[in-house]
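These notes are about the structure you will find just below.
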Amino acid sequence: MFRSTNNTCKTSHTTDRILVSVAIPAYNEQDCIGDCLRSIARQRTSAKVEAIICLNACTDHTAHAAIKVAEEEGLDLKLVDEPLKGIARARQRAFEEASGDIIVSADADSVYPTDWIERIVAAVDRKQQTALVYGPVYFTRIRGFTGTVMHHAYPVIDFVITQFDRMTKHPNVRGPNFAVAREAFKQVKGFNVDLEAFEDNDLAWRVAKLRGHRALHYDRHLVVHSSARRYNYYGLWKAVHYYTVGYFKTFLLKKDMGKFQDVRISP
94 MFRSTNNTCK TSHTTDRILV SVAIPAYNEQ DCIGDCLRSI ARQRTSAKVE
144 AIICLNACTD HTAHAAIKVA EEEGLDLKLV DEPLKGIARA RQRAFEEASG
194 DIIVSADADS VYPTDWIERI VAAVDRKQQT ALVYGPVYFT RIRGFTGTVM
244 HHAYPVIDFV ITQFDRMTKH PNVRGPNFAV AREAFKQVKG FNVDLEAFED
294 NDLAWRVAKL RGHRALHYDR HLVVHSSARR YNYYGLWKAV HYYTVGYFKT
344 FLLKKDMGKF QDVRISP
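Numbering (my numbering), first residue to last: 94 to 360.
Shown next as structure tokens:
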């Protein structure tokens with residue numbers, strides 16, 4: 094286990110600062126992790142921030158790349174290992190290592206605006222009236238026909254998803270962009286580590302069932318940008334089919350959809 098304890102995030106001078114833990118699962122993410130960590134290190138927030146990366150059976154130089162950026166940026170970083178492959182296992186391991194009052198879920202191939210954590214802190218207060226906050230994920234560098242369609246269609250898709258959330262009370266939470274109060278996470282006993290995908294939705298549904306749907310807050314301005322590598326690799330229709338069918342299979346049948354193979358090409 095590695096821990097760097099510097100923290101130079103741009104914070105206000107308060108005597109009682111909340112601690113926010115950013116949990117990042119990583120499998121062979123040496124090409125992406127640097128930009129992700131830089132965006133976290135450069136947050137403008139009143140909170141203290143720590144980043145936790147779960148190295149999930151990595152065979153590349155993800156750890157070295159992460160340490161290098163943490164030292165350059167003065168980021169409080171912890172690295173932990175999870176030898177058994179699986180996104181749910183990796184998220185669970187990272188969340189378990191978190192010390193924060195709020196645990197934020199991030200992905201290694203995503204970058205975050207400077208007000209991201211501050212918006213989360215404002216939503217998930219210490220009284221924990223809001224137990225979970227989430228927002229949209231927009232994709233970057235989408236190529237060809239897929240890019241054209243997604244550029245024009247994604248705002249509409251996001252609106253439809255949001256309305257569906259409200260009607261069904263089953264939030265469509267995105268793994269790179271949600272945060273949960275530590276106590277709520279503990280109460281639902283974390284992620285279902287047997288799932289190969291949609292572990293983020295499953296967790297949110299259980300929080301909503303425990304705390305009530307009003308305890309979940311969707312912030313349409315809480316936007317992050319994530320790699321479109323899976324859409325670029327598989328194409329629009331195959332990727333959309335997988336996510337749509339998988340969501341409803343998990344939602345209606347409570348069955349695991351399985352997963353795509355890992356895509357680790359340049360984003």
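Don't be surprised by glycine CBs; every beta carbon is placed ideally from N, CA and C.
Keep in mind that this is a model prediction, so the values were computed, not measured.
Determine the burial state of residue i: buried for a count of at least 16 other Cβ atoms within 10 Å of its Cβ, exposed for fewer.
i	result
PRO118	buried
LEU177	exposed
GLY339	buried
THR108	With a pLDDT of 45 at THR108, under the threshold of 50, the predicted position of this residue should be treated as unreliable, though the coordinate-derived value follows. Under this definition THR108 is an exposed residue.
ILE213	buried
THR101	Because THR101 sits at a pLDDT of 48, beneath the cut-off of 50, its placement in the model cannot be relied upon, and the following sentence gives the value as read from the coordinates. Exposed: under 16 other Cβ atoms inside 10 Å.
PRO229	buried
ASP258	buried
THR155	buried
GLU165	exposed
THR343	buried
ARG96	exposed
Less than 7 Å separating the beta-carbons of residue i and residue j?
i	j	result
THR223	HIS314	no
PRO264	ASP200	no
HIS318	THR233	yes
VAL115	ILE126	no
VAL78	LEU303	The question about residue 78 has no answer here: the residues shown for the chain are numbered 94 through 360.
LEU129	SER198	This sequence places Cys at residue 129; Leu is not what is there. Cβ distance not < 7 Å, so CYS129 and SER198 don't count as in contact.
ILE196	ARG275	yes
ASN121	CYS151	yes
VAL300	ALA321	no
ASP194	ILE254	no
ILE250	THR138	no
ALA308	VAL266	no
Can you check which of these residues, the options, is closest to residue i by C-alpha distance?
i	options	result
ALA216	THR207, TYR227, PRO206	TYR227
LYS171	ALA144, ASP194, GLY339	ALA144
ASP124	ARG110, ALA159, ASP287	ALA159
ASP355	GLU289, PHE257, LYS279	GLU289
THR252	LYS279, GLN185, TYR231	Position check: residue 252 holds Phe in this sequence, whereas Thr was assumed. It is TYR231 whose Cα lies nearest to the Cα of PHE252.
GLU175	VAL162, ASP169, GLY167, GLN185	GLN185
MET260	PRO229, ALA297, HIS306	HIS306
ARG323	ASP208, THR343, ARG357	ARG357
VAL142	ILE235, LYS331, LEU168, PRO206	LEU168
VAL113	ALA140, PHE257, GLU164	ALA140
PHE271	TYR205, LYS279, ASP287	TYR205
ILE367	ARG96, LYS342, THR155, TYR327	In the structure as shown, the chain starts at 94 and stops at 360, and residue 367 therefore has no counterpart that could be examined.
ASP385	LYS331, ASP312, GLU166, LYS262	In the structure as shown, the chain begins at 94 and stops at 360. Residue 385 is therefore absent and cannot be evaluated.
ASN149	LYS262, GLN256, VAL173, LYS331	VAL173
VAL316	GLN256, ASP153, PRO248	PRO248
Is any heavy atom of the ligand ZN found at a distance shorter than 6 Å from the C-beta of residue i?
i	result
ARG313	Within the structure as shown, the ligand ZN is missing, as the structure has no ligands at all.
query: Are the stretch 182 to 201 and the stretch 279 to 287 touching, with three or more C-beta to C-beta distances below 8 Å?
result: Yes: at least three Cβ pairs fall under 8 Å.
- prompt: On the three-pair Cβ rule with 8 Å, is the stretch 164 to 181 touching the stretch 288 to 300?
  reply: With the cut-off at 8 Å, the stretch 164 to 181 and the stretch 288 to 300 touch.
message: Quick check on the DSSP output: what are the complete beta strand (DSSP E) runs of length 3 or more inside the stretch 272 to 311, in order along the chain?
response: Restricted to the stretch 272 to 311, the beta strand (DSSP E) segments that are unbroken, complete and at least 3 residues in length are 309 to 311, listed in chain order.
task: With a floor of 4 residues, list each alpha helix (DSSP H) that falls wholly inside the stretch 149 to 236, ordered by position along the chain.
output: 155 to 166, 180 to 189, 209 to 216, all fully within the stretch 149 to 236.
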